Structures are given as structure tokens and as C-alpha cells.
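One structure is given here, and the rest of the page talks about it.
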Amino acid sequence: VAAPTPAAAASSGERVIASPRAHTLAKEKGYGEIFALRIVGTGPGGRIVAQDVLEYDPSTVPAVAAAAEPVAAAPPAAVASPAAPAPLAEPVVGPGYTDYSLPASALELAARLHTSKQNVPHYYLTIDLTLDSIMELRSSLNSTMKLDETDGGITVNDLMMKAAAAAMKTVPAANASWLDSFVRVYDSVDINVVVGNGSSLYAPVIRDVGRRGLKAVSDDVATATSVVDGEEGGDPTTVPGFGDVGTFTMVNLGMFGVKSCAPIIREPQACALALGAIENRIVPNDDAESEEIYKESVMVTATLSCDHRVVDGAVGAQWLSAFKNHVENPVTLLL
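Numbering (the working numbering), first residue to last: 708 to 1042.
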């Protein structure tokens, strides 16, 4: 029996599994997305590894493809343009259950998360944050801006993103990726923000959060949210940035009343941060001049998921400490 050819592998319809380093190499060499290449992986379970990409020769693909195709290829003019995403099939009702089809974007996200959970050695760090100062800053900033009825202004989540980016400047080792044989540390903090839910769950990337102003970051998040909500029209998967992977991920589940969450890291990122519900808590009073033993503070619980290959426990703790400092002393976000 003849060995499978790259053309056969590419046309089999199976999901392409590749290492983060292989994805990066394919883009660096100008090949584009790895799933579009005719590469047969030599790793476990047919996984495409970095060496497969290094040995890939695009010049041999047309000949292989021609040999595998018994029918002559159509002329370029006859090649059809990419078809629009097919509508979802109707739910299938069975005895005691109902099967629902999922869009391609949801299937891709599920595959990525499944692979990440298998490959990445996760560990988790949790911390409580006091939000009294950051709430005051948000109120002050929004009161100085001329906001119309459709503009909600700067949100607490926007400020949290800036605090995360500032913490990356303090602890740059967390803004990194594991690439098989080395660790890559990024200069720009590009944050994937999880928005939507269910089959409409997306994580658009907000670029260069550390070096841009709060309002610019806030506007990008608002635009991404409106796209998911359908206010901008069109398919979110066709919007620039919605399919990109940044250097860090943030998810906020506070709107659902969830106190804490341990998120799955998206390869090749090294960290992901989850925020819980903002709530009033009774805490010890640190005001030496007050006669009250306890006081009420606005607080939130944050959980950082780390890839232990890149960020060990000490580095993860340093990052959370820096994040806490920026959140509880938010004037540092304006510097």
C-alpha cells in the first residue's frame, strides 16, 4: 500500500493538528496558515512539528497534486470564489434528546482549547483585589469626557486590561510563548478579550494595550462587543482581529455572578486571566485613625492560569503582585 501523499492528507477533510512552533514557522517562512499546506505530520498522531515545516518544499506540491488528481484541473478563470459559510442544519430531535449543529468558528475554538488543555501544564494562582480606587478613577475619567447616550465610557474591564498590560511591563517574562525549543518574549501586549457566549463566543484581539490610551482601548473593546451582538452586521469571523491569537487572554465572568474561574490557556500563550463578580465585602479596616474595626470595600477575585514551561510559580506570583499594585493604585495606569 502506498504511503499517503500530502495532497491526500490535505483533501481528507481531517482537522490539522500542529505544534505552536510549526504554526509560527509556517508564517515566518511566508507559507501562510498551516492548515492550507499539504504537509503530512511526523509527530505523535500525525501532528505537524517544526521539522516538518522546515523540510516542506512548496515547489513539489503542484506535481504531487497533479499526480493525485485523475481529472485535469480547471482553468484559473473557472475557479469559484470562496463560498459563504453554510447555514447551520436544523436541530435533530431524538428520543429524549436534541442534537444542535455548531458553526465552524465554535468547532475551531473547541479544538484549540482541547489541544491546549492536553499540551499545556496548567497551574493556577488566585488573588483578591480592592477596587475602591479604580472605581473612583473610572468615575472621574468618564465625568470629564463628553459621552453621548450610546457611549458607555471607560469600563472597569478596560482599566483591568491596562493594569494587565502594565504588569507585563513589570514582569515581561509572562508576555511570552513556548515554541518547542525556546521561549519567545513579546514587546507588544496584545490581549484577547472573551466576549459573547455559547456558539457566539469569540476572543477578538486588542492590539498594543500597553502603549495605547485608555479611550482607544475602550473603543476597540466596544466595537468588538457590538460586532458579536450583531449591531455592526456581518459575520464576526470575517472581521479583522477576531481570528487572531494575541499574547495574553482575559475573560470576565462577573456578569454571571461567578466569583472565580480557572481559564484554559490558548496556545501558544503562556497566561490567561479570569475575573469574577465585583461585590461589596466586609474587610479589616486599615485606617489607623478610624475607630471602626471593619469597613466595606468593593472587591473582585482574579485567577491567573499559567503555563509552567514558561512561567513558574515565582514569576506568576510576581505578575499577580504587579497587577494588584496597578489595580489598587490606578494612577500608575495614566503614567
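Where is the CB? At the ideal position from N, CA and C, for every residue including glycine.
Owing to the predicted nature of the structure, the values given are computational and were not obtained by experimental measurement.
Where A725 is concerned, there is no enclosing beta strand (DSSP E), because DSSP gives it neither an H nor an E.
Counting every other CB atom within 10 Å of its CB across the protein chains shown gives A995 a total below 16, marking it as exposed.
Between N864 and N959, the C-beta gap is smaller than 9 Å, which places the two residues in contact. Taking every protein chain shown into account, the CB of V827 has 16 or more other CB atoms within 10 angstroms, so this residue is buried. Per the coordinates, the alpha-carbon of L809 lies some 17 Å from the alpha-carbon of G950. Annotation: the continuous beta strand (DSSP E) that includes G801 extends over 799 to 801. As computed with DSSP, V924 is found in no beta bridge at all.
One alpha carbon belongs to V902, the other to D936, and they sit about 9 Å apart. Secondary structure of H1015 (DSSP, three-state): coil. Around S925, the same chain offers I861, D865 as residues with beta carbons nearer than 6 Å, after the five sequence neighbours per side are excluded. Between the region 810 to 821 and the region 999 to 1011, the count of Cβ pairs shorter than 8 Å is below three; the stretches do not touch. S907 carries a helical assignment under DSSP once its states are collapsed to helix, strand and coil. P1037 counts as buried, since no fewer than 16 other beta carbons sit within 10 angstroms of its beta carbon. The beta carbon of A910 sits closer than 7 Å to the beta carbons of N899, V900, V901, T956 from its chain, once the five residues preceding and following it are set aside; these are given in chain order.
Closest in alpha carbon position to M962, among L795, I755, T833, L982, is L982.
Per the DSSP secondary-structure output, N959 pairs in a beta bridge with L982.
Runs of the beta strand (DSSP E) lying entirely within the region 815 to 888, each at least 3 residues long, are 829 to 837, 883 to 885 in chain order. It is roughly 21 Å from the alpha-carbon of K869 to the alpha-carbon of Y831.
Only residues of its own chain outside the window of five on either side were considered, and among them A725, A729, I746, G748 have a CB closer than 6 Å to the CB of I755, listed in chain order. Taken through DSSP and simplified to helix, strand or coil, T1039 comes out as helix.
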